[in-house]
Amino acid sequence: MDFLEIDHQSALPLHAQVEDLLRKLIEKPEYQNGKLLPNEINIAKKLGISRSTVRQATNKLVYEQLLIRKKGVGTSVARNNISTKLDKWASFTHEMDEKGVVFKNYSIKVSNVVPDKEIQQLFKINPGTKVLKMERVKGLASEPIVYFVSYFHPRTGLTTDDDFSKPLYETLEKEHHIVVSVSKEGISAILADKQLSKLLSVETGAPILFRKRVVCDAGDRPIEYNLGYYRADRFTYTIDIARK
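For reference, each letter of the sequence shown is one residue, going 27 to 270 in our numbering.
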């Protein structure tokens with residue numbers, strides 16, 4: 027075990043010192059790539075401290091979702107989950123940029139289609155009217171994370187000639203003079219079918235976070251109907267709720 031020694035004479039509590047050592051240890055490539063951490067008994071013996079002190083330190087990192095502890099297996103580094111807050115709304119690209127998370131487009135497909143009845147009624151358009159449909163798969167350099175399907179009201183003026191590799195809402199505002207104002211959302215859990223398993227590189231039946239979003243302009247008129255399919259093992263929605 028490549029550990030630095032702890033200082034038994036330090037005013038810093040032993041569990042805090044162990045926590046610092048563990049934070050350094052899990053940055054090593056072998057642990058980032060899935061190697062199990064030394065067990066708590068061996069760490070305690072190496073450092074000359076109690077197992078409960080080591081457990082206190084590892085519990086802190088498990089709570090912070092930096093470590094995953096599996097009974098009968100061991101403790102390993104958690105893969106970084108992508109999270110987004112529900113108490114504010116921004117474009118996906120802008121929000122990931124703020125977090126310093128570099129996302130790439132795996133695929134972008136744009137077409138003109140006749141939408142289903144639900145979208146026709148939402149947009150208040152006549153049956154047979156075509157709308158712009160955009161499909162995107164986005165993710166980290168290592169793997170896809172999310173599959174988006176968007177339908178746009180004809181009033182947006184978006185066409186297949188627009189550059190959809192750019193942030194969408196910036197394009198709407200700068201190129202088409204439409205300012206989005208409100209997002210109305212619903213979130214549920216589903217299982218990946220064959221199409222999603224292929225697009226998101228998961229097994230059929232894997233858990234998926236499904237989000238349905240209606241984006242409205244400043245006049246509260248729907249301009250986008252968006253479906254998002256997020257890998258549940260790589261993406262988390264969070265919300266801060268104040269007590270009344």
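C-beta: ideal position from N, C-alpha, C; glycine also.
Contact set for residue i: own chain, Cβ-Cβ below 7 angstroms, skip 5 residues either direction
i: TYR132; result: VAL163, LYS164, GLY165, PRO170
i: ALA244; result: VAL205, SER207
i: HIS202; result: THR182, GLY183, LEU184
The beta strand (DSSP E) enclosing residue i, as first and last residue numbers
i: ALA215; result: 206-217
i: ASP243; result: 233-243
i: GLY101; result: Note on identity: in this sequence residue 101 is Thr, with Gly being the wrong assignment. Run containing THR101: 100-103, per the beta strand (DSSP E) assignment.
i: LYS96; result: 93-96
i: THR264; result: 261-264
Residue burial classification, residue i (beta-carbon count within 10 angstroms, cutoff 16)
i: THR9; result: What the structure shows of the chain is the stretch from 27 to 270, and residue 9 is not part of that stretch, so it cannot be assessed.
i: SER176; result: buried
i: PRO305; result: With the chain represented from 27 up to 270, any question about residue 305 goes unanswered, as that position is not in the structure.
i: ASP188; result: buried
i: HIS179; result: buried
i: THR264; result: exposed
i: GLU66; result: buried
i: ARG269; result: exposed
i: LYS159; result: buried
Close Cβ partners of residue i (< 8 angstroms) along its chain, the five nearest in sequence each way excluded
i: ASP219; result: THR230
i: SER168; result: none
i: SER209; result: TRP115, ARG239, VAL240, VAL241, CYS242
i: ALA258; result: ALA215, ALA232, PRO233, ILE234, LEU235
i: LYS130; result: LYS164, GLY165, LEU166, ALA167
i: ASN138; result: LYS156, VAL157, LEU158, LYS159, THR186
Which residues DSSP lists as bridging residue i, in chain order
i: LEU253; result: VAL175, LYS238
i: GLU169; result: Its beta-bridge partners do not exist; DSSP assigns none.
i: VAL161; result: Here the sequence assigns Glu to residue 161, which means Val is not the residue at that position. In the DSSP output, where bridge partners are listed per residue, GLU161 has LYS135, VAL175.
i: PHE190; result: DSSP, once it has assigned bridges, lists no residue as partnering PHE190.
i: LYS54; result: DSSP output for LYS54 lists no bridge partner at all.
Contact set for residue i: own chain, Cβ-Cβ below 6 angstroms, skip 5 residues either direction
i: ILE75; result: LEU40
i: GLU45; result: ALA83, LYS86
i: LEU63; result: THR101
Bounding residues of the alpha helix (DSSP H) (the contiguous stretch that carries residue i)
i: SER223; result: 220-226
i: LEU38; result: Taken as a continuous stretch (DSSP letters only), LEU38 belongs to no alpha helix (DSSP H), as it is neither H nor E.
i: ILE67; result: 66-73
i: THR197; result: 194-202
i: PHE149; result: 143-149
i: ARG81; result: 77-89
Just checking, does the stretch 247-260 make contact with the stretch 73-92 on the three C-beta pairs under 8 angstroms criterion?
-> no
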